[in-house]
Amino acid sequence: MEGVKNKKILVAMSGGVDSSATAVLLKEQGYDVVGANMLLHGEGGDEDARKVAEKLNIPFYVFDLRSEFESNIVRKFVDEYKEGLTPNPCVDCNRLIKFGLLWEKAKELGCTHIATGHYAKVEFENEKPILKKADFIFKDQSYFLHVIPKETLSHVIFPLGYIKNKDVTRDIVRDAGLNIASKGESQDICFVPDGDYVKVINDYKEDPQGFEPGDFVDSEGSKIGTHEGIIHYTIGQRRGIKVSSTTGRIYVTEKDVENNTVTLGPNETLFKTELTAKGLNWLIPGELPEEFRCSAKIRYRHTAQPCTVYLSEGDTVTVKFEEPQRAITSGQAVVFYDGDRVLGGGTIDTCNKTQ
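When we follow the working numbering, the leftmost residue of the sequence shown carries the number 1, and every step to the right adds one.
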């Protein structure tokens, strides 16, 4: 956080422990702090966020972004599920909302920086900002942050990137006299209550695509059962298939929206060595070589694995892993690392079988 003393910082405040601790730390360090709560769905702003701002004696704003959130995040989430993809709305929200619209609001208020409660770091190497993994590696959220625009990164602060565990974060808010220290973790997708994404999608049932029953098929294309609608299934899924097998456990291995089929197969068919990705956002300074080695994560809880990245025309890459990876899923993010440095990432488009 070098070089931002006496700067005006907007803190995205959800009312939770992490964002509140972020505001506390920055205020204690003498920064000019402004709090802001984003109204993304439902009614009214978060009262805990407002109370924290009052306790810290900092200005507080509520920005009604419900329309933008619904059209750019929720609607996209629904449409991509109908297309057979498995989207990652938290990544889209960071790109379009937090480090997009909210950053624009921050600049309108005269802020020079924006801070959130994410566990990650922005550090400077040769005066260039670099996104890095958090010290608390179990909570590291750099995977979701690879979409921050390169030109915005130098204006971003993540104070919790240096925290060693969640107990320390809770102690920060407790010591500040805030009564939210025992507040639970927020859910993964804020607009999907209890993880029931099918219910959310059903609210947008304007056409039958993705909802109609169809065939479960094997790797040869032979029918082996009936599925309830493609939106109910993700790559690697085993539960809820309701198809008996004499050869052991079977999993969802492919989805074909055009033919309304879901392919089932044994676990070993889920392992693949290659993927293509599109919509790349690169965060490191300078030009990238056409081919380079690094490690890559194909989902949040995935351990980054060694690979070679091949740049292609049209903002796409091909990624070849040293070892086969399980359940590479179209629509998810692939994020590239060099040690703890985030190189960038994109959206998984396709993947190829090992043999």
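Where is the CB? At the ideal position from N, CA and C, for every residue including glycine.
Just how far apart, CA to CA, sit residue i and residue j?
i, j, result
"THR263", "GLY16", "41 Å"
"GLU274", "ASN281", "20 Å"
"GLY344", "LEU283", "5 Å"
"TYR61", "ASP340", "34 Å"
"GLY3", "LEU26", "For GLY3, the predicted structure reports a pLDDT of 48, less than 50, and the residue's modelled location is therefore unreliable. A value from the coordinates is still provided. Taking the straight line from one Cα to the other gives about 14 Å."
"GLU80", "ASP349", "12 Å"
"GLY346", "SER71", "21 Å"
"CYS90", "PRO266", "31 Å"
"SER14", "ILE224", "47 Å"
"VAL243", "VAL52", "52 Å"
"MET1", "LEU131", "Interpretation of MET1 is limited by its pLDDT of 45, a score under 50 that renders its predicted location unreliable; the figure taken from the coordinates is listed afterwards. One C-alpha to the other measures close to 12 Å."
"LYS55", "ASP167", "21 Å"
"GLU322", "THR303", "14 Å"
Exposed or buried, what is residue i when buried is set at 16 or more other beta-carbons lying within 10 Å of its beta-carbon?
i, result
"SER222", "exposed"
"ARG293", "exposed"
"ILE137", "exposed"
"PRO129", "buried"
"LEU109", "exposed"
"GLN355", "Because the pLDDT at GLN355 is just 44, under 50, the model does not fix this residue reliably, and the value given afterwards should be weighed accordingly. The residue is exposed, with fewer than 16 neighbouring Cβ atoms inside 10 Å."
"GLY100", "buried"
"GLY30", "exposed"
What did DSSP end up calling residue i once you bin it into helix, strand or coil?
i, result
"THR269", "helix"
"THR246", "coil"
"GLU290", "coil"
"TYR251", "strand"
"TYR143", "helix"
"ASN72", "helix"
"HIS41", "coil"
"PHE138", "helix"
"ALA176", "coil"
"GLU151", "coil"
"LYS27", "helix"
Below 8 Å on the Cβ atoms is my guess for residue i versus residue j; work out the distance and round it to an integer in Å.
i, j, result
"ASP215", "THR261", "5 Å"
"HIS113", "ILE9", "4 Å"
"ILE231", "LYS82", "6 Å"
"SER295", "PRO306", "5 Å"
"ILE235", "THR253", "7 Å"
Return yes when at least one heavy atom of the ligand ATP lies under 7 Å from the C-beta of residue i, else no.
i, result
"GLY100", "Summarising the ligand content, the structure contains no ligands, and the ligand ATP is consequently not present."
Check your understanding: Which ranges does the alpha helix (DSSP H) cover as unbroken runs of at least 4 residues, wholly within the segment 75-106, from first to last along the chain?
Key -> 75-82 and 89-93
**Study point:** Length-filtered (4 minimum) alpha helix (DSSP H) runs lying within the segment 188-245
**Key:** 197-202
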